[in-house]
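Protein chains: 2
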Amino acid sequence: MSSDSADEFETIKRLFAPLATSADARGLADDAALIDGRHVVTTDAIVEGVHFLSDDPIATVAMKALRVNVSDLIAKGAQPRAALLTLIWPNARPAEQIELFAESFGGDLAYFGMTLLGGDTTSTAGPLTISVTAFGEPLSERTPSRADAKIGDDVWLVGGEIGSAWLGLQLRTGAMALEEVTRGRDEQEARVNTAALAGQTPDYLTLPGKPFDAEAAWLMSTYLAPFVRPECADIVSRYANASMDVSDGLVGDAGKLAAASGAALKIEANAIPFSIPAERWAFSGGDFRKLITAGDDYVVLFTAPAAARAELESLPGAGALRLTRIGAVEAGEGVQVVNRQGDVIPIPAPSYAHKLGR
Amino acid sequence: MSSDSADEFETIKRLFAPLATSADARGLADDAALIDGRHVVTTDAIVEGVHFLSDDPIATVAMKALRVNVSDLIAKGAQPRAALLTLIWPNARPAEQIELFAESFGGDLAYFGMTLLGGDTTSTAGPLTISVTAFGEPLSERTPSRADAKIGDDVWLVGGEIGSAWLGLQLRTGAMALEEVTRGRDEQEARVNTAALAGQTPDYLTLPGKPFDAEAAWLMSTYLAPFVRPECADIVSRYANASMDVSDGLVGDAGKLAAASGAALKIEANAIPFSIPAERWAFSGGDFRKLITAGDDYVVLFTAPAAARAELESLPGAGALRLTRIGAVEAGEGVQVVNRQGDVIPIPAPSYAHKLGR
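Heads up: the protein sequence lines correspond to chains A and B, in order. Position one of the first sequence corresponds to residue 184 (my numbering), numbered consecutively onward. Position one of the second sequence corresponds to residue 184 (my numbering), numbered consecutively onward.
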């Protein structure tokens, strides 16, 4: 059972956990549940104005609705198989967009090898709201929960980079100008990328009143429709003790894993896999703590025995999947982010509460 | 895949059916899907202002959210087992109500022998929206779809009465006064019932500015939280060729079953099980066609071979479950409602589009 903020999470857990009388529900403390131990099931909703902006393209909204669920399946070491779609459509939104939604959702289902099992549609006077329930097939006998980190485990990220989606969101909302996000950029390199991609991307990846910029387009695309990589499920299923997806900020989500496991996570700031633009932004005056507490990363955080380290590091494709060891599980509680000298970096607000708006 | 209106249903079916590449999805033409043939799964959302009123008690909203899904499981001959709950909570609604919601939802889960598997919570600037995915265990090898009615089958209803929820909604919204709904009532009998129940029901079952009225309370309660009876699943699993729940109006839903089965349904108006107040209302000047085209009945419509008729009629508990033969499956298409003389009664708007508001 997931929710938007840490406080709310505690309330929900307290109120609803007694209703979860089956072991398959994992006390609602996990991102997914089991059915008969043979299927992994997860459900996540996205709401206009909370998880996406009203003028986000309907095609990427459809992708996001599915992918935030696929992300949970991957983090449980499961192969995505099927989905139920509940589409709560505003009276005021053009009905023609439903067709674009269906086309895009269908394309994504096909990409992930999933089938649509059923769903529900209804109208609303409120925001567009999309609830997806996704089913996956566990790739091994054991489906890792958040609660199984062992002291001495390494802490890993796999599937992508941290902070890009947050920078993309800043660009989308206009909270940061392109010049601020790309401060310190090598103009020569920027021109090469841009020339290669210009004209090949949808209009919504160009900022209003600006020429096309490949880096901005890429950052915005990671916010609009997170890249989630089913190949990571195999790594999780083979190596993870504990695992979850990072969707509400690395530090906050690491804190949830630490709490569920009854242990502490120490994360080395310099080991975190930032994207090139995110790292440059942080080294050009940006506060890197924004990147590790922001939402929408949709990568996998897992812990694995230190004995598996060499094997993990030599996995084929590890680089492409950005498989990165970022810390260790220790006795204690909470999350510490440390610098190269081992000093603790204070993090004022570790988690991201989904409350969009400009 | 269900939706609010016939037109919308066709659009959704056309757009999304190609995504349902598994036989388990039944082409999205059914109320539920299968997982591995071993689980029945259904998902239905209810939206404030569409499926319930803003001032409906949060306790009954919780029940309705679960029961509209349980209704689908029962109609597929499945024993309810588990649910996922997605709660999209308005920023403006008091957070204290979440506790009442959880308590009521939990009570209903326990009543139906179900466990909460997981879910999601998020905030919204819009209406309260609740999406539930429910899982059931098929009671027999075969899970009846809408599409398996055979020419010559009897048409049955089981689980409750038609039209009461619509009358209850009229009372809740003030669209009809108590005096209009109870026109022709025997005052002596009304007083007896009312005396027995007064003081034992929640405040919201008393109409504003009126003394408690047992009949009004009962009608409103059928709208607020439909009575769904899991015992019906056993009957469905043993006898039904085709089956579905009646949620959007008897005639409209019968039309969906007829269309899916490639046959016609003839329904005898005088055989339809109306409640005492609904029947009295119709015989006192009300238009009975309102009752058979209104939503929120949540009973089961099924077809069964005529050879099973005697056995069905002699089932223990058939009376309490209001098991009633209401017509026959014939060659052709569509639904005909006929009177005692066999004359077709024209039905202008066979289905109920969920658009509440007062």
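Built from N, CA and C at the ideal position, the CB exists for glycine as well.
Does any residue of chain A have a CB that is nearer than 7 Å to the CB of residue i?
| i | result |
| --- | --- |
| Phe295 (chain B) | no |
| Phe199 (chain B) | yes |
| Ala461 (chain B) | no |
| Ala245 (chain B) | no |
| Leu211 (chain B) | yes |
| Gly469 (chain B) | no |
| Gly150 (chain B) | This structure cannot settle anything about residue 150 (chain B), because the visible part of chain B is limited to 184 through 541. |
| Gly260 (chain B) | no |
| Leu292 (chain B) | yes |
| Ser254 (chain B) | no |
| Ala425 (chain B) | no |
| Gly289 (chain B) | yes |
| Ser205 (chain B) | yes |
| Ala285 (chain B) | yes |
So, at 7 Å on beta carbons, what are the nonlocal neighbours of residue i in its own chain, with the 5 sequence-adjacent residues on each side left out?
| i | result |
| --- | --- |
| Ala456 (chain A) | Contrary to the premise, residue 456 (chain A) reads as Pro rather than Ala in this sequence. Same-chain partners within the cutoff: Leu340, Glu344, Ile345, Arg505, Thr507. |
| Ile334 (chain B) | Ala446, Val512, Glu513, Ala514 |
| Ala208 (chain B) | Ala216 |
| Ala437 (chain B) | Leu448, Ile450, Leu484, Val518 |
| Phe410 (chain B) | Gly343 |
| Asp239 (chain B) | Leu407 |
| Ile150 (chain B) | In the structure as shown, chain B starts at 184 and stops at 541, and residue 150 (chain B) therefore has no counterpart that could be examined. |
| Met297 (chain B) | Pro263, Arg264, Ala265, Ala266 |
| Leu350 (chain A) | Val364, Leu402, Pro460, Ala461, Trp464 |
Bridge partners of residue i, per DSSP?
| i | result |
| --- | --- |
| Lys259 (chain B) | According to DSSP, Lys259 (chain B) bridges with nothing at all. |
| Asp428 (chain B) | B:Val483 |
| Thr298 (chain A) | A:Ala265 |
| Gln129 (chain B) | No answer is possible for residue 129 (chain B): it lies beyond the span of chain B, which begins at 184 and ends at 541. |
| Ile229 (chain A) | A:Ile313 |
| Ile334 (chain A) | Note: Ile334 (chain A) sits in no beta bridge, so no partner. |
| Ala511 (chain A) | A:Asp337, A:Lys449 |
| Pro321 (chain A) | A:Ala261 |
Quick check on residue i: buried or exposed, where buried means 16 or more other Cβ atoms within 10 Å of its Cβ?
| i | result |
| --- | --- |
| Pro277 (chain A) | exposed |
| Ile459 (chain B) | exposed |
| Ser467 (chain B) | exposed |
| Thr356 (chain B) | exposed |
| Ala203 (chain A) | buried |
| Ala228 (chain A) | buried |
| Ala248 (chain B) | buried |
| Arg523 (chain B) | exposed |
| Asp470 (chain B) | exposed |
| Asn453 (chain A) | exposed |
| Glu231 (chain B) | buried |
| Lys393 (chain A) | exposed |
| Glu494 (chain A) | exposed |
| Gly478 (chain A) | buried |
| Ser497 (chain A) | exposed |
| Gly500 (chain A) | exposed |
Please work out which residues of its chain come closer than 6 Å, Cβ to Cβ, to residue i, disregarding the five sequence neighbours upstream and downstream, and give them in chain order.
| i | result |
| --- | --- |
| Ile450 (chain A) | Ile509, Gly510, Val520 |
| Val163 (chain B) | With chain B running from 184 to 541 in the structure shown, residue 163 (chain B) is simply not present. |
| Glu516 (chain A) | Ala447 |
| Thr316 (chain A) | Thr226, Leu267 |
| Ser420 (chain A) | Gly260, Leu322, Ser323 |
| Asp434 (chain B) | A small correction: the amino acid at residue 434 (chain B) is Val; Asp does not occupy that position in the sequence shown. Within the same chain, Val434 (chain B) has close Cβ partners Ile475, Thr476, Val518, Ile530, Pro533. |
Between residue i and chain B, is there a C-beta pair that is closer than 7 Å?
| i | result |
| --- | --- |
| Ala532 (chain A) | no |
| Leu267 (chain A) | yes |
| Asp436 (chain A) | no |
| Asp227 (chain A) | yes |
| Val251 (chain A) | no |
| Ala511 (chain A) | no |
| Ala189 (chain A) | Summary for Ala189 (chain A): the model assigns pLDDT 47, below 50, so the residue's position carries little reliability; its value from the coordinates is reported in the next sentence. Not one chain B Cβ lies under 7 Å of Ala189 (chain A). |
| Gly220 (chain A) | no |
| Val411 (chain A) | no |
| Thr298 (chain A) | yes |
| Gly419 (chain A) | The displayed chain sequence assigns Val, not Gly, to residue 419 (chain A). For Val419 (chain A), the answer is no, since every Cβ of chain B falls outside 7 Å of its Cβ. |
| Leu202 (chain A) | yes |
| Ile241 (chain A) | no |
Go through its chain and collect everything with a Cβ distance to residue i's Cβ below 8 Å, but skip five positions before and after it.
| i | result |
| --- | --- |
| Asn274 (chain B) | Ser306, Thr307, Ala308 |
| Ala212 (chain A) | Met184, Lys196, Ala200, Ser328, Arg329, Ala330, Ala443 |
| Arg541 (chain B) | Low confidence applies to Arg541 (chain B): its pLDDT is 38, below 50, so where it sits in the model is not reliable enough to give any reading. |
Can you pull the chain D neighbours of residue i, defined as C-beta to C-beta under 9 Å?
| i | result |
| --- | --- |
| Ile257 (chain A) | Absence of chain D from the displayed structure is noted, the protein chains being A and B. |
Given the structure, does residue i come close to the ligand HEM, in the sense that its CB is under 6 Å from one of the ligand's heavy atoms?
| i | result |
| --- | --- |
| Ala487 (chain B) | Judged by which ligands are present, the structure shown has none, so any question about the ligand HEM falls away. |
- Name the residues in the region 481-492 of chain A whose C-beta lies less than 7 Å from a C-beta of chain B; which are they? none
- Query: Can you list, in chain order, the residues of the region 302-323 of chain A whose Cβ is nearer than 8 Å to any Cβ on chain B?
  - Reply: Going along the region 302-323 of chain A in chain order, one finds Gly302, Asp303, Thr304, Thr305, Ser306, Thr307, Ala308, Gly309, Pro310, Thr312, Ser314, Thr316, Phe318 with a Cβ nearer than 8 Å to chain B.
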